[in-house]
Structures are given as C-alpha cells and as structure tokens.
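Okay, structure first, notes after.
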Amino acid sequence: MTLQTTSAGAKRLALFDLDHTLIPLDSDHAWGEFTTALGWTDATEFKRQNDAFYEHYKAGTLDVPAYVRFATAAIVRQGAIKSIAAHAEFMGSVIQKGIKPQALELVQAHQRAGDTVIVVTATNAFVTRPIAKAFGVDELIAVDLAMDSAPGGTGWYNGEIAGIPSFREGKVTRVSQWLTAHGLDWSQVHTTFYSDSLNDLPLLEKVTVPVATNPDARLRALAQERGWRILELFP
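Those letters in the sequence shown? Residues 0 to 234, per numbering that gives the first Met the number 0, in order.
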C-alpha cells in the first residue's frame, strides 16, 4: 500500500466510524432484527435484549464481550454457510438502501485525494466487512471475532472477541496497532476522523481533524464548544 503525503510530509489517513456516520442506521442492530425475521431468534426476547444493549451503547456503558456473545449467538448456532448467505441477503435488502450518494462521495473524495481510508467501527467484522467493501474500502478496524479452532471444533465463530475490541479507547489502541503494523506512529500521520457519537471521543481527541458527523446531542454540544467541524450527511 502506498500512502500519499501532505506538503509537510505527513501520511494522510481518513478514518470513518460506520453506524450513523457513513450509514443512517446501526448495522449490528439491524442485523439482529434481520436474523430475527429469519426465525433464528425469539422475536420478543431478542428485541428486548437488543434494544437494551443499544441503549447501553448510546450511554457509553456497553459490556462489549457480553454484547458480542449475544449478537453472534445466532450465527454461531447457524454455522458459516447459512450465516454468510443470510448476510448477502441482508446487504441487498437492508444495507444497500442505507448507502447514500453523499456518503459514498465523501469516501471517494478522500480516495481521489490519495488518502488511506479506514473504517473504524465498534461493530464486529462479520457484519461490517462487506459494508466497508460496498464503500470501496479495504481497510477495516472492527471487533474481531474468535474462531473455534480447537481439535474437533467447528472452525467457525465461537462468540468471543479476538484481541482488543474497537470501542471507545479501544479505537485509539487499534488504530495505533494499525500504524505500528505499517511502520508509522501518530507523529507521522495527518488523521481525519468522522464520527456521530460521544463514545468516540478518545479517537476524536487523538486525531488531527475531528469531524462530528450527524452527531448525537452530546457530541454536537461538545463540537460546538470546541469549534470542531459539524457535518450533516443525512437529512
């Protein structure tokens, strides 16, 4: 991969949160509703728990390992073939409607400028990698899922997290790991980060240019206070 440089010699990275930033929905929440419609979960109980976890996410109090076990339970049970096929249907019937021209153009504008574009999301990689690909983005930092690789195991996801989850401060850690893997550190990059949520404050404060994108009320107030750019991608 060749990273372009600014006039000052810094490498340019454009980091994007996904849910409610690049797409006007929460992909993990929508995936849960989709699999419930397939009959993979009990509709009433799943909705109750899914909505409760989502409220904790918005409040910044999400128990990430517990949520990932809950959110991946259906695909763990169904196995790889059914899960991958269902996700392809999910992309066509749900996600494609959420990929708006203005969001796609923003990503492509960074790419045309030679920036390295990375989607940095707290949603798991199974759900989000095809969405990043639909935006033409190959670089994804997401919650990685552990595999059942024990002798006699399924070779499929086991419901646990592999590595550090990319949530709140974890996003800074994961981007730092990405930089290290590419022979870089924060002093060598010019970073722009687009996010809608105050959960992403650690990374917003770390980057060169924070952009509050379709911000929630708390992030909007903070962005106004600090003079950060506010971008409204969606009506």
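C-beta atoms are modelled at their ideal positions from N, C-alpha and C, and glycine is treated no differently.
Nearest-angstrom Cβ-Cβ length linking residue i and residue j, presumed shorter than 8 Å
i, j, result
"V116", "V136", "5 Å"
"A220", "I229", "The Cβ separation is near 11 Å, so there is no contact."
"H181", "R11", "Wrong, their Cβ atoms sit about 13 Å apart, outside the cutoff."
"L133", "M90", "In the sequence as displayed, the identity of residue 133 is Ala instead of Leu. Indeed they touch by this definition, with Cβ atoms about 7 Å apart."
"Q187", "A9", "6 Å"
Neighbourhood of residue i by C-beta distance below 6 Å, restricted to the same chain and skipping five residues each side
i, result
"E159", "A145"
"N198", "G59 and R167"
"Q95", "none"
"Q3", "At Q3 the pLDDT is 48, less than 50, meaning the model places this residue with poor confidence; the figure from the coordinates comes in the next sentence. The residues are R11 and G113."
"V63", "P164 and F166"
Beta-carbon spacing of residue i, residue j below 7 Å
i, j, result
"G97", "L14", "no"
"W39", "V126", "no"
"L218", "Q101", "no"
"Y156", "T34", "no"
Cut-off 8 Å between Cβ atoms - residues of its own chain near residue i, not counting five sequence neighbours on either side
i, result
"S148", "G154"
"M0", "Annotation note: pLDDT 40 at M0 (below 50); position unreliable, coordinate value reported separately. Closer than 8 Å at Cβ, skipping near neighbours: T115 and H181."
"K99", "I22, P23, L232 and F233"
Own chain partners of residue i with C-beta closer than 7 Å, once the 5 adjacent residues on each side are dropped
i, result
"A131", "V118 and L139"
"T20", "Y193, S194, D195, T212 and N213"
"L17", "S26, V118, T120, T122, T127 and I130"
"S6", "In this prediction, S6 scores a pLDDT of 44, lower than 50, which makes its location untrustworthy; no coordinate-derived value is stated."
"A161", "D143, L144 and A145"
Terminal residues of the alpha helix (DSSP H) in which residue i lies
i, result
"N49", "A42 to A58"
"R76", "V63 to Q77"
"S175", "E168 to A180"
Rounded C-alpha distance that separates residue i from residue j
i, j, result
"H28", "K170", "20 Å"
"I80", "H86", "10 Å"
"E88", "R76", "18 Å"
"I74", "G226", "43 Å"
"T191", "V142", "21 Å"
"P234", "V67", "31 Å"
"L203", "A124", "21 Å"
"A216", "D41", "33 Å"
"S82", "T43", "21 Å"
"Y257", "A65", "As displayed, the chain neither begins before 0 nor continues past 234, which places residue 257 out of reach and without an answer."
"K52", "E32", "The question names Lys, but residue 52 is Phe in the sequence shown. Whole-angstrom Cα-Cα distance: 13 Å."
"V106", "F69", "31 Å"
Run of the beta strand (DSSP E) containing residue i, from where it starts to where it stops
i, result
"T212", "V208 to T212"
"F125", "Looking at the DSSP string, F125 is not in any beta strand (DSSP E); the run it does join, the alpha helix (DSSP H), is A124 to A133."
"H189", "V188 to S194"
"L144", "L144 to M146"
"K99", "Here K99 belongs to no beta strand (DSSP E), and DSSP marks it neither H nor E."
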